[in-house]
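The structure appears below as structure tokens.
Residue numbers (the working numbering): 7 to 114.
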């Protein structure tokens, strides 16, 4: 990786962190739960200086601060079927862990 590629990758990673920070600072907080390289879009011609977009919010959950142990929403399963999401512990640290794994596999 040359110096220019290094600075470009730093900017992309910084914008990824800002995207997740924005979701985690909303009220109620949104936890993506499926952060991976396939769900990160990079615009060729960025508007307003933003190049990174997150996609695939199918597993995203609203975080309930009063009861952080469950999601409680209905989830689309496919072909018009809905199923209740099993109760799982949703923490913003799950997204942070995923970001670290993306950094280790894609940016180093």
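All C-beta atoms, glycine included, are put in the ideal place defined by N, C-alpha and C. Computed from a predicted structure; not experimentally measured.
- Straight-line spacing of the CA atoms in residue 11 and residue 63 works out to 29 Å.
- Distance check between residue 68 and each of 33, 8, 49, 7 places 33 closest, using alpha-carbon atoms only.
- Looking at the DSSP output, residue 69 sits in a beta bridge with 35.
- Separation of residue 57 and residue 35 (C-alpha to C-alpha, rounded to the nearest whole angstrom) is 23 Å.
- A residue is called buried when at least 16 other Cβ atoms come within 10 angstroms of its Cβ; residue 114 does not meet this threshold and is exposed.
- Collapsing the DSSP output to three states places residue 22 in a helix.
- When secondary structure is reduced to three states using DSSP, residue 97 falls in the coil class, being assigned neither helix nor strand.
- The beta carbon of residue 65 sits closer than 7 Å to the beta carbons of 39, 40 from its chain, once the five residues preceding and following it are set aside; these are given in chain order.
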